[in-house]
Amino acid sequence: MNVRLIARYRGRVQGVGFRATVLFHSRGLDIHGFVRNEPDGSVLVDADGPKGQLKELVDRVAARPAGSIDDCDVTWTESLKRESGFSIG
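Next comes the structure, spelled out in structure tokens:
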């Protein structure tokens, strides 16, 4: 069963290759959505997929981040049933 992950990363996460790092860590996972910079300086990950694979993405990013993560808010919700791959938005 697919779910939706909304994760907002705060800290020194813009201008340091963070989005490219998230994209790299998403490879091999069956997830669909995007990672993008937000106007408030945070980075948003919005993705659909199996919950275990989305948790794996969050764990990979936490283990080897680009920049410095001060905080990450994670929300789980109903899947949007996207099937477009995962990209930088």
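If you're matching positions, the sequence shown starts at 1 in full-length UniProt numbering and goes up one per residue.
Don't be surprised by glycine CBs; every beta carbon is placed ideally from N, CA and C.
- According to DSSP, P50 shares a beta bridge with N2.
- Exposure of G41 is indicated by the presence of fewer than 16 other C-beta atoms within 10 angstroms of its C-beta.
- Per the coordinates, the alpha-carbon of A47 lies some 19 Å from the alpha-carbon of Q14.
- For S79, there is no enclosing alpha helix (DSSP H), as DSSP gives it neither H nor E.
- With contacts defined as CB atoms closer than 8 Å, G49 and L29 qualify as a contacting pair.
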